[in-house]
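The block underneath contains the structure these notes are about, expressed in structure tokens.
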Amino acid sequence: MPTGRERLPGEAVQPSQVLKSPMVLEFLGLPASPSLHESRLEQAIIDNLQTFLLELGKGFSFVARQKHIRFGDQDYFVDLVFYNYVLKCFLLLDLKIGRLTHADVGQMDGYVRLFEDQFKVPGDNPTIGLLLCSDKSEAFAKYSILNESKQIFAAKYLHNLPTEEQLQQEIERERHLIESALEDRADE
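Residue numbers for the sequence shown follow the numbering used here, beginning at 518 and rising by one.
Quick look at the structure:
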């Protein structure tokens, strides 16, 4: 959706138009340290839930923390569950410290499929899974289910606002990705 344009009543909104990446979690006051544990990150988000909801994006409401789900006789827990009234769907958020792996993506795919089967109600759009990680490999995202999935996304979080130089590098990187995508479409 073009920047600055309001959504028309009944107009479909894509998850990629609502979900942010990267998210700046400086307000949590956590160190950018490899010794940071997911449980500490999760607790910091809960302690700062209002600010996190604003950083997450428009239309999110908190549903559950450590939502218990079962695959057969095995118990699993989704870190955080939200509902988005704009998208009309659940958002399952799994926190990852460090590099995103195939196991993380596979686990989230299972969570989304189970949530679709057991918790989605008529009128809801498909459940979205978001892996929030400190190290999102673009190459991994390109060559995994993340590249084609309409329901599973990965977003990077930053401990602090980037410097002006880092922002400029990110803008250049994004510009290159956009230009490459436009060239690929022109070639089709």
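C-beta: ideal position from N, C-alpha, C; glycine also.
In the DSSP assignment, what residue or residues form a beta bridge with residue i?
i      : result
Ile695 : According to DSSP, Ile695 bridges with nothing at all.
Ile586 : Tyr593
Tyr600 : Ser578 and Phe607
Glu645 : The identity of residue 645 in the sequence shown is Ile, whereas the question assumes Glu. BP columns for Ile645 point to Leu608.
Return the Cβ separation of residue i and residue j in integer angstroms, given the expectation that the two are a contact with Cβ distance under 8 Å.
i      : j      : result
Asp611 : Leu648 : 5 Å
Lys613 : Val598 : Rounded, the Cβ-Cβ distance is 16 Å, inconsistent with contact.
Phe607 : Thr644 : 5 Å
Could you pull the start and end residues of the alpha helix (DSSP H) that residue i belongs to?
i      : result
Leu558 : Glu555 to Asp564
Gly622 : Note that residue 622 is Val in the sequence shown here, rather than Gly. Residues His619 to Gln635.
For residue i, tell me which candidate among the options has the shortest Cα-Cα distance.
i      : options                           : result
Gly640 : Gly646, Val603 and His619         : Val603
Asp634 : Glu696, Gly576, Phe588 and Ala581 : Phe588
Gln531 : Glu559, Arg582 and Asn601         : Asn601
Gln591 : Ala703, Asp701, Asp564 and Gln624 : Gln624
Phe636 : Glu681, Ala620, Glu682 and Ala581 : Ala581
Asp621 : Lys605, Cys650, Asn642 and Val638 : Cys650
Val638 : Leu699, Lys605 and Arg702         : Lys605
Ala529 : Glu689, Asn642 and Thr618         : Asn642
For residue i, collect the residues of the same chain with a Cβ closer than 6 Å to its Cβ; drop the 5 residues on either side in sequence, then sort them by chain order.
i      : result
Leu570 : Phe577
Ile562 : Phe569
Leu631 : Ile586
Glu499 : In the structure displayed, the chain extends from 518 to 705; residue 499 sits before or after that span and is not available.
Within a Cβ cutoff of 8 Å, which residues of the same chain sit near residue i, ignoring the five residues on either side of it in sequence?
i      : result
Tyr628 : Ile586, Tyr593, Val595, Leu609, Asp611 and Gly646
Ala656 : Reliability of the predicted coordinates at Ala656 is poor, the pLDDT of 46 falling under 50, and the value obtained from them is presented with this limitation in mind. Taken in chain order, the list of residues that qualify is empty.
For the beta strand (DSSP E) that residue i lies in, which residues bound it at each end?
i      : result
Asp611 : Cys606 to Arg616
Please return the same chain residues whose Cβ sits closer than 7 Å to the Cβ of residue i, not counting the five positions on each side in sequence.
i      : result
Arg692 : none
Asp704 : none
Glu700 : none
If you measure from the beta carbon of residue i to each beta carbon in chain B, is any gap under 7 Å?
i      : result
His693 : Structure shown: chain B not included; a single protein chain is present.
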